[in-house]
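A.B. asks: In our numbering, the protein residues as written are 942 to 1015.
One structure, as structure tokens, below. Some questions next.
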């Protein structure tokens, strides 16, 4: 789900992942959301998750060096 700075819904999306763990689903949804926003022309985003494991996994992928601040644990 994508919301603007005021919390208003902008867009949502879904993807079939087959059989996977909740962790894998969270990582895929986070990455898909970021890619969707980049493809729509957004150059800045705040992405939130309640999974520290997802934050660590994306940080280990080198995402912290991109021009996007990837995740804030809520």
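Note that the Cβ used here is the ideal one computed from N, Cα and C, for glycine as well.
As the structure is a prediction and not an experimental result, all values here were calculated from the model.
1. To the nearest angstrom, how far is it from the Cα of residue 1015 to the Cα of residue 981?
2. If I'm right that residue 975 touches residue 986 with Cβ under 8 Å, what's the distance once you round it to whole angstroms?
3. Can you say whether residue 993 is buried or exposed, counting buried as having 16 or more other CB atoms within 10 angstroms of its CB?
4. Whole angstroms is fine: what's the gap from residue 942's alpha carbon to residue 1001's?
5. Since residue 995 and residue 964 should fall inside the 8 Å C-beta cutoff, what is the C-beta to C-beta distance between them, to a whole number of angstroms?
C.D. replies: Taking the structure as given:
1. Because residue 1015 carries a pLDDT of 37, less than 50, the predicted location of this residue cannot be relied on, and the following value inherits that uncertainty. Approximately 25 Å, taken between the alpha carbons.
2. 7 Å
3. exposed
4. 24 Å
5. 7 Å
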